[in-house]
Structures are given as structure tokens and as C-alpha cells.
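Residue numbers (our numbering): 14 to 236. Ideal placement from N, C-alpha and C gives every residue a C-beta, glycine not left out.
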Amino acid sequence: MAGLKKYDIDPADLDPNGIAESQTVAAGSSLALDGALCDLGTALQFDIGDAYSSGVGGVRLLFDAAGDINTAVFTITGKDQDGASVTEAVTGVTTTAVSTSNYYSQVTEIAISVAEATGCFVGTVTGELVSPTYVLNHYADEGAAVVISGETGTWQADMEQTFDDIANEGSTSATWFLVTSGGNLSADTALVASQNATGVRLKFDSYSNGAELQFSVASNPYR
């Protein structure tokens, strides 16, 4: 009998300093996680569930500054979209913002390597987020059905699948591929993942404030 999982994706409004408001920082110290998205739960910490619905697994962070701080290295400590511990270094921030590669469900620290006197801030204004990874039974005799429904607002997303061993190794380092016809989606749709896929996810490239949808996965469970 097929199993059904539903994700309600209701993102928080875009916020360019929602993780850390503009601040100057001494060398070797950490940014104060004092943005609006960090004020909703545990003080000075970002937790995805405080501002986003349960169908949002993680968000990409955006680093920006009033001046050129391209020598600064920001080291992020937190958890990925599926709750696994992750760290990442971000460099090259000028007056052009720089995004993280990873998606974060939690951020507990952002350390900086050099003194920063121009005012730097961290947010999620890129609108890039991802659902939790749904682990599939890759021994099933048919691919999982993936459906987007009940959409409102403006958004664009990709339906992705992986063939890596994410059940044991996690999803952060996995290689992801588009489900057939799953690129640049912006409306209700139904697709089928490849038969031997080990996991699927919905990855957003952008969304407008107020966008919302439901993402469902129907698949044969492990026996």
C-alpha cells in the first residue's frame, strides 16, 4: 500500500536582515543573531519552525554589507534542512551579497575572522528554500508520485530527485537531478520520480510574500 506524505509550504516574508541586523564586529568574534526571524523563539538563535511552516526544511542565507569586506570569512554553525549538523564558510562579501551553499533549519553561530566596521547583515532575501528530503524506497516497482496543489501567490521551484544513499549518508552532500519536466514550476502540477530514486525534494528559486502551496509524495513504503 502506498504511503502518503504532505508538506504545507508557507514561507515567512522575505527579510534582508532577518538573521542578523546591521552591526560592526570585532575580529574573532561572532555576529549577534538578532534579526526578526531569530526573535521568535530561542533568543539569539534561528530555528526554522519559529517562522516557517513544517513543509519548509531549510533556507539559504544571504550575507551583505555597507562596504567591501571581501577578506572576511564568516563561519556558520547550524543544521541543514533535514536536521543534520553542518558548518560552512562564506567569503567574498562586498557591496554585492553572497549566499550560502547549504540550506539551514537552524543557525546557532556566525563567526567572523576579521574586524568589520562598515555594518554587515544576514537575511533570507534571496527567497531560496527547500522542503525536507523525503526518503524513497528505491526497490519499489514504480516511481513515487509528487504533486503540487493549492498554490497561491507567485513562486518558482524545481522538483528534484537523488539516487545517492541518503538514508545512511544524509542529503546535504547528495547530487540532485530534476524530476522529468520538474524544472521552473510555478503552478499546480503532478509528476513521477524515477523508479530507482532514493529521495525527492522541492527546491524554491524564488517566491513572493504570501506565496503558499502543498507538496505531496505518494510512494510504496519499505517492506
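Measure the C-alpha to C-alpha separation of residue i and residue j and round it to an integer number of angstroms.
{"i": "Gln208", "j": "Cys51", "result": "40 angstroms"}
{"i": "Met14", "j": "Thr165", "result": "Unreliable placement is indicated for Met14, whose pLDDT of 43 sits below 50; the coordinate value is still reported in the next sentence. If you take the alpha carbons of Met14 and Thr165, they lie about 31 angstroms apart."}
{"i": "Asp81", "j": "Leu142", "result": "27 angstroms"}
{"i": "Phe228", "j": "Gly68", "result": "8 angstroms"}
{"i": "Asp218", "j": "Trp168", "result": "8 angstroms"}
{"i": "Val111", "j": "Ser194", "result": "30 angstroms"}
{"i": "Gly183", "j": "Gly96", "result": "10 angstroms"}
{"i": "Pro24", "j": "Gly31", "result": "13 angstroms"}
{"i": "Gly163", "j": "Val230", "result": "15 angstroms"}
{"i": "Asp21", "j": "Gln119", "result": "19 angstroms"}
{"i": "Tyr220", "j": "Ala78", "result": "23 angstroms"}
{"i": "Asp60", "j": "Ala130", "result": "28 angstroms"}
{"i": "Gly196", "j": "Val159", "result": "13 angstroms"}
{"i": "Thr107", "j": "Ser66", "result": "32 angstroms"}
{"i": "Gly156", "j": "Asn233", "result": "8 angstroms"}
{"i": "Asp178", "j": "Gly132", "result": "42 angstroms"}
{"i": "Ala56", "j": "Thr185", "result": "27 angstroms"}
Taking the CB atoms as reference points, tell me whether residue i and residue j lie closer together than 7 angstroms.
{"i": "Tyr33", "j": "Val135", "result": "According to the sequence shown, residue 33 is Ala rather than Tyr. Result yes, Cβ atoms of Ala33 and Val135 sit closer than 7 angstroms."}
{"i": "Ala187", "j": "Val148", "result": "no"}
{"i": "Gln58", "j": "Leu46", "result": "yes"}
{"i": "Thr202", "j": "Thr175", "result": "no"}
{"i": "Gly140", "j": "Leu27", "result": "yes"}
{"i": "Val192", "j": "Leu204", "result": "yes"}
{"i": "Leu74", "j": "Ala64", "result": "no"}
{"i": "Phe76", "j": "Val38", "result": "no"}
{"i": "Thr137", "j": "Val72", "result": "yes"}
Go ahead and pull the three-state DSSP assignment for residue i.
{"i": "Ala49", "result": "helix"}
{"i": "Ile179", "result": "helix"}
{"i": "Ile61", "result": "helix"}
{"i": "Gly71", "result": "strand"}
{"i": "Glu141", "result": "coil"}
{"i": "Val86", "result": "coil"}
{"i": "Leu208", "result": "One point to set straight first is that residue 208 is Gln, not Leu, in the sequence displayed. Correct three-state label for Gln208: coil."}
{"i": "Gly163", "result": "strand"}
{"i": "Ala110", "result": "coil"}
{"i": "Leu198", "result": "strand"}
{"i": "Thr188", "result": "coil"}
{"i": "Leu215", "result": "strand"}
{"i": "Ile32", "result": "coil"}
In the DSSP assignment, find the beta strand (DSSP E) that holds residue i and state where it starts and stops.
{"i": "Ile22", "result": "Gly16 to Ile22"}
{"i": "Glu155", "result": "No beta strand (DSSP E) contains Glu155, which DSSP labels as neither H nor E."}
{"i": "Leu204", "result": "Thr202 to Val205"}
{"i": "Thr100", "result": "Ser98 to Val103"}
{"i": "Thr131", "result": "Glu129 to Gly136"}
{"i": "Leu226", "result": "Glu225 to Ser232"}
Nearest chain C C-beta to residue i closer than 7 angstroms, yes or no?
{"i": "Asp93", "result": "In summary, chain C is missing from the structure at hand, where a single protein chain is found."}
Is the number of C-beta pairs between the region 149 to 160 and the region 82 to 95 that are closer than 8 angstroms three or more? no
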